[in-house]
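Chains as they are written, first to last, in this note's numbering: chain A, 122 to 443; chain B, 122 to 443. Backbone N, C-alpha and C define an ideal beta-carbon position, used for all residues, glycine too. For reference, the structure is listed below as structure tokens.
This is the structure in structure tokens:
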């Protein structure tokens, strides 16, 4: 008797969190597990964490009903293989065959894709992509990545590394980026930078009433500041939080203008952990973008929040395995 | 008797020069005509100039031996048509059906393409593209444009406007660009900017011996400075000229790093009027690019001078008509 396959496993490996989910054919997440990534412990530990997350999901499900496992990960994924090269913010990681290791553990087909690409595919198949054929997907989290959707398909580039919008520089003499360049948009708006910047502003003016909300939310421990806290403070009227997010949005808009001028796209869809920011940030991104993009694009440009939100990566990775 | 068609006409319409050529099937230019563009006189005059240039070429050739006419022009060319929208540096030009007007005059098929795209196609068919399948073609002239060659074919983008590398910003708070943005690489290295900048430096230090070569070449008329003069001075050791071109090269390299990070390309081919700069400028571009591009691209990036040089536009436009 041939058992019917009903789901796939999608894993979204970020520098801060590993998320895994059982996903059905319609892109619905049936069950989910997540854990903090021990990215500074090297590839062996991270691979064990990935295997553990998948294992948890198989507790109540038969492997025979599973199409396979899709994994989204930062860094360059060698086309056609499962080898991940140089994922940023992962220690001691040069080239690792992630697919081979996970395949060996579970005996199921494994496909690995760049995390931003996986999320872009999720959005193209089950989100905004049902309405729009061409867009740039931006993953705004610890880092800033992207996936280019052309005619509803992913453009991977000749070497599998296309869409690195986080490393578009907005200032050639600007902030040093982890990648070795200067002024990359990631080094202005990535999760860590936003948290660090907010901490610095509050520390510089500890008695500033404007920031009292953030300080309250983290109970005085400024190391606990993260974008969700800044967003909450902004929604409650904290002027420091509003100013920080407004600026981040505008700067992202400027970087997107350069990218869209090259790619000839009009639509940007934003997902990732930080994409839950309040709506005024989206308006800031769109107005920054519109103020800098070429005349012929101006009236048509739009910036949307990802329909799948933080789950785009899991859903996209799983859909790759179906 | 059916006459054999042996050539096509290629026209390269720049903001400073209109060049037209008879091109054979092997991409060889048989005959050529050029004139200064009266870009500030509006579209009617420019269209007359284009027609005149083509007419000159037909003086000694039979129209019946001609495949057709290809025209490369700045601005957005509406896909599938001959309509040119908003060419930068052309006065009073919104949308003009260039193909229809020229077709009416000569009774031959006319195809219009963005000038950078046309040159990129020329290079892909008859130049560097014979060896390399994927590259970014940069046209460095009055403005800075680009064409994206993927798998030996032009990537036009969903709206026909892809590859606008000149409007990648290297500084969000930088120089105002004609396009309305700030810090676009075009506003640092475009022909007019280079000439203007050199003039300003010489005027600021008129007795500076370093610039005596440039002053000599233009017989004291600093309005006559152009990139060919700066290049000649640099080749003869003029330190001001060397510094200006070195900086221009590095800045172009920075803009290219952002572009190649998005597109996942490794090779840049540079054509256009300014591409005749000395070799040290190419080394500056390559080193600027390599210092800023993502780790995974670093070792493989290369910057080549166009094999077709300033003729890529004519040859590419003609090859579109064959």
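Going along the chain, which residues of the region 385-416 of chain A sit with their C-beta nearer than 8 Å to a C-beta in chain B? 385, 386, 387, 412, 413, 414, 415 and 416
Contact between the region 364-378 of chain B and the region 287-297 of chain A: three or more CB pairs below 8 Å? yes
Under 7 Å between beta-carbons, which chain A residues line up against residue 265 (chain B)? List them in chain order, please. Within chain A, no residue comes near residue 265 (chain B); the closest Cβ sits about 11 Å away, beyond 7 Å.
Minimum Cβ-Cβ distance from residue 285 (chain A) to chain B less than 9 Å: yes
Nonlocal neighbours in the same chain, by C-beta distance under 7 Å from residue 216 (chain A), ignoring five residues either side: 204 and 206
Could you check what DSSP says for residue 149 (chain B) in three-state terms: helix, strand or coil? coil
Since residue 398 (chain B) contacts residue 366 (chain B) with CB under 8 Å, what's their CB separation in whole angstroms? 6 Å
Closer than 7 Å at the beta carbon, the chain B residues around residue 377 (chain A): Result: empty, since nearest Cβ-Cβ is about 11 Å, beyond 7 Å.
Spatial neighbours of residue 246 (chain B) within its chain, please: C-beta separation below 6 Å, excluding the five flanking residues on both sides. The residues are 440.
So residue 207 (chain B) contacts chain A; which residues on that side make the cut at Cβ distance below 7 Å? 416 and 417
If you reduce the DSSP assignment to three classes, tell me which class residue 186 (chain B) lands in. helix
C-alpha gap between residue 446 (chain A) and residue 306 (chain A), whole angstroms: Chain A is shown only over 122 to 443; residue 446 (chain A) falls outside these bounds and no answer can be derived.
Between the beta-carbon of residue 230 (chain A) and the beta-carbon of residue 442 (chain A), is there less than 9 Å? A distance below 9 Å separates the beta carbons of residue 230 (chain A) and residue 442 (chain A).
Can you confirm whether the region 332-343 of chain B touches the region 246-265 of chain A when touching is taken to mean that 3 or more C-beta pairs between the two stretches lie within less than 8 Å? no
Using the Cβ count rule (16 or more neighbours within 10 Å means buried), how would you classify residue 344 (chain A)? exposed
CB contact check: residue 315 (chain B) to chain A, cutoff 9 Å: no
Exposed or buried, residue 158 (chain B), counting other C-beta atoms within 10 Å across all chains shown (16 or more means buried)? buried
Taking C-alpha atoms, which residue in B:198, B:425 and B:385 lies nearest to residue 414 (chain B)? B:385
Nearest CA to the CA of residue 302 (chain B): which residue from A:411, A:127 and A:270? A:411
Assign residue 183 (chain B) to buried or exposed, taking buried as 16 or more other Cβ atoms, counted over all protein chains shown, within 10 Å of its Cβ. exposed
Helix, strand or coil for residue 249 (chain B), going by three-state DSSP, please let me know. Residue state, collapsed to three classes: helix.
Report the partner residues of residue 314 (chain B) according to the DSSP bridge assignment. Residue 314 (chain B) pairs with nothing; no bridge assigned.
Taking only beta carbons into account, state which residues of the region 236-268 of chain A come closer than 8 Å to chain B, listed in chain order. 254, 255 and 267
Run the CB neighbour count on residue 359 (chain A), radius 10 Å, all protein chains shown included, and call it buried at 16 or more, exposed below. buried
CA-CA distance, residue 456 (chain B) and residue 285 (chain B)? Absent from the structure is residue 456 (chain B), since the part of chain B shown begins at 122 and ends at 443.
Please name the residues in the region 184-213 of chain A whose beta-carbon is closer than 9 Å to at least one beta-carbon of chain B, in chain order. 196, 197, 206, 207 and 209
Expected contact under 8 Å - CB spacing of residue 422 (chain A) and residue 387 (chain A) to nearest Å: 5 Å
Run down chain B in chain order and give the residues with a C-beta less than 9 Å from the C-beta of residue 282 (chain A). 382, 385, 415, 417 and 418
Own chain, CB closer than 6 Å to residue 177 (chain B), minus 5 neighbours either side, in chain order: Within the same chain, 154 come within 6 Å of residue 177 (chain B) by CB-CB distance, once the 5 residues on both sides are set aside.
Helix, strand or coil: how does DSSP classify residue 274 (chain B) here? strand
Flag residue 279 (chain A) as yes if its beta-carbon sits less than 9 Å from any beta-carbon of chain B, otherwise no. yes
For residue 138 (chain B), which residues does DSSP report across the bridge? For residue 138 (chain B), which the question treats as bridged, DSSP gives the partners B:157.
Going by C-alpha to C-alpha distance, which of A:156, A:299, A:353 and A:417 sits closest to residue 401 (chain A)? A:353
Name the chain B residues that come within less than 8 Å of residue 372 (chain A), Cβ to Cβ? 293
Say the cut is 8 Å; is the CB of residue 159 (chain A) nearer than that to a heavy atom of the ligand FAD? In the structure on display, the ligand FAD does not appear, and there are no ligands present to speak of.
Any chain A beta carbon closer than 9 Å to residue 274 (chain B): no
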